[in-house]
Amino acid sequence: MNIAIIAGSNRKQASSTKLSEYVAGVLGKKGGDARVFDLYQQPLPMYCPDDAYDDDRNVVELKELMMKCDGIVLATPEYHSSISGALKNALDHLNKDYFSGKPVLVMSSSGGAVGVSCLQHMQGIVRNLHGINSPEWISIGGAQRQSFEGERAGLEVQEDVDLRIHRACDLFVSLVERLRKG
């Protein structure tokens, strides 16, 4: 089971990216081969519908990853009650061919208590791209983000946060497996 994870921050040590890496490990233990595409490490040019981007290595790599995957995880910081510009730009480079019929788990990291607005926005985008929203999402905020910041990110995750992550990943993996079997 191939899982594409798009870490949608353009910040070097983003908690949403650390969350993505942690979730990749959780999914790996559940039988998934998860790959994180980090938009900070592999930035994409600003999307323009007039351009093909066939010569941009990062765009080509993202599209190849997305075409081969069985499931998708989208992670973003919450900016002004919505998704990051970096993630929105990445999604603009893609279309329904990359999402159609594939389960999608959405995740956010917010400076406030929870990042629900951006999760709702992502689920709307997923529907428009013909993806299938996973029944759970992952949102970390406030003090919960400390588990995903700094050098020890992901090593000492709060028990309640870890439980929510595992529950959301279990449902996501179950959905991916059911859809793969047809």
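Residue numbering for the sequence shown follows full-length UniProt numbering, beginning at 1 and increasing consecutively.
Heads up, the beta-carbon is just placed ideally off N, CA and C, and yes, glycines get one too.
Under 7 Å, do residue i and residue j count as touching if we go by C-beta distance?
i: L129; j: F99; result: yes
i: V176; j: G101; result: no
i: A75; j: G8; result: yes
i: L65; j: A4; result: yes
i: K68; j: Y40; result: no
Can you tell me the Cα-Cα spacing of residue i and residue j, whole angstroms?
i: R57; j: P45; result: 10 Å
i: S174; j: H166; result: 12 Å
i: I125; j: I132; result: 11 Å
i: A168; j: D160; result: 12 Å
i: D51; j: E156; result: 44 Å
i: V36; j: S20; result: 7 Å
i: Q158; j: R164; result: 10 Å
Figure out for me which residue from the options has the closest Cα to the Cα of residue i.
i: H121; options: R11, P77, C69; result: P77
i: S134; options: D55, V73, D162, Y47; result: V73
i: A86; options: D97, K18, Q42; result: Q42
i: C118; options: N2, A34, S84; result: S84
i: R127; options: A34, I138, S110, D97; result: D97
i: V59; options: D162, I6, V26, G141; result: I6
i: S81; options: D55, S108, L94; result: S108
Would a check of beta-carbon distances place residue i closer than 7 Å to chain B?
i: F99; result: Of the chains in the structure shown, none is chain B; there is only one protein chain.
Kindly indicate which three-state DSSP category residue i falls into: helix, strand or coil?
i: L27; result: helix
i: R11; result: coil
i: N89; result: helix
i: A52; result: coil
i: S110; result: strand
i: D70; result: coil
With respect to the beta strand (DSSP E) encompassing residue i, which residues constitute its N-terminal and C-terminal limits?
i: I165; result: That residue, I165, is in no beta strand (DSSP E); its alpha helix (DSSP H) goes 159-181.
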